[in-house]
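Peer 1: Chains Y and S supply the protein sequences, listed in that same order.
For the first sequence, the working numbering gives the first residue as 8, with consecutive numbering after it.
For the second sequence, the working numbering gives the first residue as 8, with consecutive numbering after it.
The beta-carbon is built from N, C-alpha and C at its ideal position, and this holds for glycine as well.
Got a structure for you, questions after.
Protein chains: 2
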Amino acid sequence: VSGQASIPAPLEPVRWDQDAVRLIDQRLLPEKLEHWYCRSVDEVARAIRTLAVRGAPAIGITAAYGVALGAHRAVERGRNIRDDALGAIEQLRGTRPTAVNLFHALDRMRAVIEAIPAAKDRELPQRLLEEAHRILAEDLETGRRIAQVGLEVMPKRDPLRVLTHCNAGGLATGGWGTALAPLYAAAQAGRELSVLADETRPLLQGRRLTAWELARARIPVRVLVDGAAASVIARGDVDLVIVGADRIAANGDAANKIGTFPVALAAREAGIPFYVAAPLSTFDPDTPTGREIPVEERGAEEVLGSASPEGVGALNPAFDVTPASLITSWLTERGALQPPFTRETLARLAKENDKAG
Amino acid sequence: VSGQASIPAPLEPVRWDQDAVRLIDQRLLPEKLEHWYCRSVDEVARAIRTLAVRGAPAIGITAAYGVALGAHRAVERGRNIRDDALGAIEQLRGTRPTAVNLFHALDRMRAVIEAIPAAKDRELPQRLLEEAHRILAEDLETGRRIAQVGLEVMPKRDPLRVLTHCNAGGLATGGWGTALAPLYAAAQAGRELSVLADETRPLLQGRRLTAWELARARIPVRVLVDGAAASVIARGDVDLVIVGADRIAANGDAANKIGTFPVALAAREAGIPFYVAAPLSTFDPDTPTGREIPVEERGAEEVLGSASPEGVGALNPAFDVTPASLITSWLTERGALQPPFTRETLARLAKENDKAG
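Following this line, the structure appears as structure tokens:
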């Protein structure tokens, strides 16, 4: 997915801009494309928690820039740079529990701090910013590679009828996406595509974000309610399902936006492939199975609206876990993989990443 | 479910009131409990088409009263009573395609007309009204019996954790409901209940109607997004699923509100029972399997809202079909049944209904 053909330049959901972390405020899409310039770690934390920025890779990138921001602010305010950078890591770690990319990115930032002796603290702001830039650049490269991996494994049917859930596109990453990256590559390769986007309640990331970014790239897209996906698959109108992930356990179980698991059940029932596309930073060898993935429970107002009637409660898990047995393959920057995803396997693949990158 | 204990009197979603068909306008719930007095067949047809009244049994009852209304209006306006009543049947037949109760009720009204010689046309308004009253009374009795049938088959666990989709309650029927009737009976019998109501996009019948009517009866209810049902079932938090139906084919395949089928897949995966509760009038022996059930496709605005972004379409099937293989049993006023539901079986059961009623 380089700059040719009809696909527009990648989205820029998270960028460093004039000493601020500049985010597309995704809560305002598709009505308004507006930026939020976060000028403090508090603001970055709030942006992550309120879903102004969301998507596992994008959260990781944002948090990394947030740590760099903390170091920059410390210099300006004459505070201890190292303490403030470490404080930023702690604060950002508490924003959301499920996406492992967040912890992965923060661990990298901490490693940068630990590699620099106390005497050289004044180098920290620049070194942390460079690491954040590197995390973003790697993510963009990862998107390009997942695009090619996906293009190779997807059925060769034209038009290719794809269903996706939530938004694992440019907006959820550095700019190219995970689940949507192969679709951009397919469109660029001249393949005929027809995409069904689950609206993705309660926050409608499919209707608001996926539909918007695919329409921006002139890829035909139709929105359906989440409950309609299973029967549309059952009646033979979908060739493959592709989704992203927020955390993938060692056995291959994948946490993703609530509503993913029933789509996987329907795909198996219909005998069509169900792909999970994610960078290696989404894999967590320290989580043995999906049962151990912490699932964020969010507020009732997301489901009930502001005026919840008396005597009516809500249950609002933000993610579900799709068991590995329902997943055809795991599309990563190192190819279409199969579990188990042990620490050793991932370390070896990461090394290949370094060589390739 | 007679008048004792804590369960309030049945809802009155459809009643004949002073020469008008009085409906609870369900589009306004739960914010407002308002009545719509339909004074013409056109109004009744509009009420059905716009979902002011919905639910397969309630649609049938409303249409029956609509035909009686047509005959009454014909008298007042000095028009041909028989022609207008037959015209009402034709007009109401075109309002919605999936619920077979509509056609069943209209067939009964036509039989009344055909049984009366032309010379006695002036008896038509009263005779048609009596038949509509009979359809309503039978439905209320059916609800009471389904309640008992459900109470007997449901697991004896306390608290009993039930999940339902859409609204197959009092509002969807003459007043007691189908899927919710056994829950009212269980509450009245002193059983401890905990109900999860799928919100049921796009029109939120679960959040707006099911939650409202269960809260009204002081049955604990929590709303969840449709996509959350599968994982909440998978993690062991649900003992049984019970839903209504809009049409049941001869082989047992059941059409119900979009989003029912993935819940059935999740129930099978978790090994919990999945019950379909419906009166015999919902069974259609002339439709061999679910493939032959016509599924209504409704407007894109229900999914996208009024401001649909450029280049974004929608797909909006109002129903899906759950295959018989996923259904534990079919709870009717004649007991918990198993397919096939042939014309002969249903005729025999209907005869028992007559005897019992």
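Mapping DSSP to helix, strand and coil, what is residue 261 (chain Y)?
Peer 2: strand
Peer 1: Of all the CB atoms in chain Y, is at least one closer than 9 Å to the CB of residue 281 (chain S)?
Peer 2: So, not an interface residue.
Peer 1: Does residue 264 (chain Y) pass the burial test, meaning 16 or more other C-beta atoms within 10 Å, or should it be called exposed?
Peer 2: buried
Peer 1: Could you have a look at residue 42 (chain Y) and say whether DSSP puts it in helix, strand or coil?
Peer 2: strand
Peer 1: So, is residue 8 (chain Y) buried or exposed, given that buried needs 16 or more other C-beta atoms within 10 angstroms?
Peer 2: Any reading at residue 8 (chain Y) needs caution, since the residue's pLDDT is 41, under 50, leaving its predicted position unreliable; the model's value is listed next. In this structure residue 8 (chain Y) is buried. Its beta-carbon is surrounded by 16 or more other beta-carbon atoms within 10 angstroms.
Peer 1: Between which two residues does the beta strand (DSSP E) carrying residue 342 (chain Y) extend?
Peer 2: Following the DSSP letters along the chain, one finds residue 342 (chain Y) inside the beta strand (DSSP E) bounded by residues 342-344.
Peer 1: Measuring only between beta-carbons, confirm whether residue 169 (chain Y) sits less than 9 Å from chain S.
Peer 2: no
Peer 1: Note down the Cα distance separating residue 256 (chain S) from residue 353 (chain S), rounded to an integer number of angstroms.
Peer 2: Pairing residue 256 (chain S) with residue 353 (chain S), the inter-Cα distance amounts to about 12 Å.
Peer 1: Is the region 292-304 of chain Y touching the region 13-21 of chain S, taking contact as three or more C-beta pairs under 8 Å?
Peer 2: no
Peer 1: Just by C-beta distance, which residues in the region 248-268 of chain Y are closer than 9 Å to chain S?
Peer 2: 264, 265, 266, 267 and 268
Peer 1: Between residue 185 (chain S) and residue 175 (chain S), what straight-line distance do the alpha-carbon atoms span, to the nearest angstrom?
Peer 2: 6 Å
Peer 1: Going by beta carbon distance, what residues of the same chain come within less than 7 Å of residue 66 (chain Y), once the five residues before and after it are set aside?
Peer 2: 55, 60, 103, 106, 108 and 109
Peer 1: If I measure Cβ to Cβ from residue 152 (chain S) and keep anything under 6 Å in the same chain, skipping five residues before and after, which residues do I get?
Peer 2: 340
Peer 1: Does the distance from the CB of residue 316 (chain Y) to the CB of residue 16 (chain S) come in under 9 Å?
Peer 2: no
Peer 1: Residue 304 (chain Y) bridges to which residues according to DSSP?
Peer 2: Y:324
Peer 1: Taking 9 Å as the threshold (beta carbon to beta carbon), is residue 107 (chain S) in contact with chain B?
Peer 2: Absent from the structure is chain B; the protein chains it does hold are Y and S.
Peer 1: How should residue 180 (chain S) be labelled, buried or exposed, when 16 other C-beta atoms within 10 angstroms of its C-beta is the threshold for buried?
Peer 2: It is buried - the Cβ of residue 180 (chain S) has at least 16 other Cβ atoms within 10 Å.
Peer 1: Where does residue 226 (chain S) fall in DSSP's three states?
Peer 2: It is coil, neither helix nor strand.
Peer 1: In the structure shown, what three-state DSSP assignment does residue 219 (chain Y) receive?
Peer 2: Of the three classes helix, strand and coil, the one that applies to residue 219 (chain Y) here is helix, per DSSP.
Peer 1: Is residue 147 (chain S) near the ligand FMN, with its Cβ less than 8 Å from a heavy atom?
Peer 2: This structure does not include the ligand FMN; it has no bound ligands of any sort.
Peer 1: I need the boundaries of the beta strand (DSSP E) containing residue 444 (chain S), first residue and last residue.
Peer 2: Any answer about residue 444 (chain S) is impossible in this case: the structure gives chain S only from 8 up to 364.
Peer 1: Taking CB distances under 9 Å as the criterion, tell me whether residue 313 (chain Y) reaches chain S.
Peer 2: no
Peer 1: Against chain Y, with Cβ distances strictly below 9 Å, would residue 207 (chain S) count as a contact?
Peer 2: Chain Y contact via Cβ: present.
Peer 1: What span of residues does the alpha helix (DSSP H) with residue 114 (chain Y) cover, start to end?
Peer 2: 107-122
Peer 1: Could you say if the region 288-297 of chain S and the region 214-232 of chain Y meet the contact criterion of at least three C-beta pairs nearer than 8 Å?
Peer 2: Contact fails: fewer than three Cβ-Cβ distances are below 8 Å.
Peer 1: Looking only at its chain, what residues have a beta carbon closer than 7 Å to the beta carbon of residue 78 (chain S), apart from the 5 residues adjacent to it on each side?
Peer 2: 88, 91, 92, 131, 132 and 135
Peer 1: What's the call for residue 192 (chain S), buried or exposed, on a 16-neighbour Cβ count within 10 Å?
Peer 2: Classification for residue 192 (chain S): buried.
Peer 1: I'd like to know if the region 187-205 of chain Y and the region 33-50 of chain Y are in contact, where contact means that at least 3 CB-CB pairs between them fall below 8 Å.
Peer 2: no
Peer 1: Which same chain residues, not among the five before or five after residue 188 (chain S), have their C-beta less than 6 Å away from its C-beta?
Peer 2: 150, 153 and 154
Peer 1: If we ignore side chains and look at the alpha-carbon of each, how far apart do residue 347 (chain S) and residue 64 (chain S) end up?
Peer 2: 22 Å
Peer 1: In three-state terms, what does DSSP make of residue 245 (chain Y)?
Peer 2: coil
Peer 1: For residue 266 (chain Y), which three-state DSSP category applies?
Peer 2: coil
Peer 1: Consult DSSP for residue 294 (chain Y) and reduce its assignment to one of helix, strand or coil.
Peer 2: coil
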